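2 is the number of the first residue of the sequence shown in this note's numbering; add one for each residue after it.
From the three backbone atoms N, C-alpha and C, an ideal C-beta is built for every residue, glycine too.
Since we're looking at a predicted model, the values are computed, not measured.
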Amino acid sequence: MKGKILASIVAMSAILGTSSLACTTILVGDKASNDGSMLVARSADSKAIKAQVFLIHPATKNQTGMHSSKAHDGANDFTYPLPKDGMRYTTIANSHTKLHGAVGYNEAGVGLSGTETIYAKDELLKVDPYNEETGITEDDIPDVLLPRIKSAKEGVKLLGEIVETKGAGEGFGVVFVDANELWYFETGTGHKWIASKIPQDEYFVTANQGRLHAYKENDPNFMGAKDVIKFAIDNKTYD
């Protein structure tokens with residue numbers, strides 16, 4: 002591995018006897034950390050007493066059928082084909098249900114953390130609303146992507162394809178990391194998204210807001226929905 006990676010989920014503790022319900026993501030490039038590690042940390046929206054459990058999902062062979070959010074006590078009726086051959090991966094899930102992993106790694110060394118809840122402008126959601134009935138949500142992102150993806154960039158691309166074709170059921174930000182790159186993905190509306198590679202010598206912090214404002218269509222350090230610039234221009238949100 003060309004770089005060291007440290008990934009952690011940080012549980013928000015109670016403050017003055019009340020539960021904190023805020024989500025904060027902190028990303029650090031390997032040239033911005035003291036020891037040359039890429040750092041990924043995210044607090045999880047939850048009560049302070051909600052326990053999490055570390056799970057190992059075995060590799061699969063010759064699978065058929067569909068992943069179903071409803072069958073896994075998910076948020077809606079999102080479905081997606083199961084991979085024929087799925088990689089072994091880990092998640093940190095709800096200790097009671099063993100579902101809804103918030104972070105994980107697969108055997109290819111690709112990790113993700115999701116999600117950071119974010120909110121879009123009401124006027125834009127009137128044009129391109131969330132697909133709340135069958136769009137992808139944070140409940141399903143780890144289990145759909147981690148068995149498949151072999152790089153952080155591949156994770157960004159696949160999630161983007163899902164958002165464009167099936168829609169997002171909610172607004173979210175997702176971190177993807179491998180041995181070489183660190184990416185942050187954000188939805189804009191129901192079918193629009195952009196992602197940025199975090200520079201090696203920089204850090205990035207976000208808390209329940211859309212943070213990606215710069216986007217360069219032909220720059221390899223950015224990715225986005227096919228018509229995201231036209232959509233922004235048409236709806237007067239492009240500067």
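With burial defined as no fewer than 16 other Cβ atoms inside 10 Å of the residue's Cβ, what is the status of F55: buried or exposed?
Looking at its Cβ environment, which holds fewer than 16 other Cβ atoms inside 10 Å, F55 is exposed.
For the segment 159-166 and the segment 60-75, state whether three or more C-beta atom pairs, one from each stretch, are separated by less than 8 angstroms.
Short answer: they don't touch.
DSSP on P143, reduced to helix/strand/coil?
Helix.
Using a Cβ-Cβ cutoff of less than 8 angstroms, which residues in the same chain neighbour V111 once the five nearest sequence positions on both sides are dropped?
Contacts found: L147, I150, K151, S152, A153, E155, G156, F177, V178, D179.
What distance in whole Å lies between the Cβ atoms of T188 and A169, which are believed to be in contact at a cut-off of 8 angstroms?
5 angstroms between Cβ atoms; contact.
Quick check on the DSSP output: the beta strand (DSSP E) that includes E133 runs from which residue to which?
That residue, E133, is in no beta strand (DSSP E); it is neither H nor E in DSSP.
Can you tell which of D129, V175, Q210, L40 has the C-alpha that lies nearest to the C-alpha of S197?
Checking every option, the nearest Cα to that of S197 belongs to V175.
Can you tell me which of Y90, D228, T61 puts its alpha carbon nearest to the alpha carbon of N219?
Out of Y90, D228, T61, D228 has the C-alpha closest to the C-alpha of N219.
Starting from F232 and walking both ways along the alpha helix (DSSP H), at which residues does that stretch end?
Where F232 is concerned, the enclosing alpha helix (DSSP H) stretches over 229-235.
Could you name the residues of the same chain whose beta carbon sits closer than 7 angstroms to that of A76, not counting the 5 residues immediately before and after it, in chain order?
Same-chain partners within the cutoff: S70, T138, D140, G170.
Give the C-beta separation of A103 and M88 to the nearest angstrom, bearing in mind that I take them to be a contact with Cβ-Cβ under 8 angstroms.
The Cβ separation is near 19 angstroms, so there is no contact.
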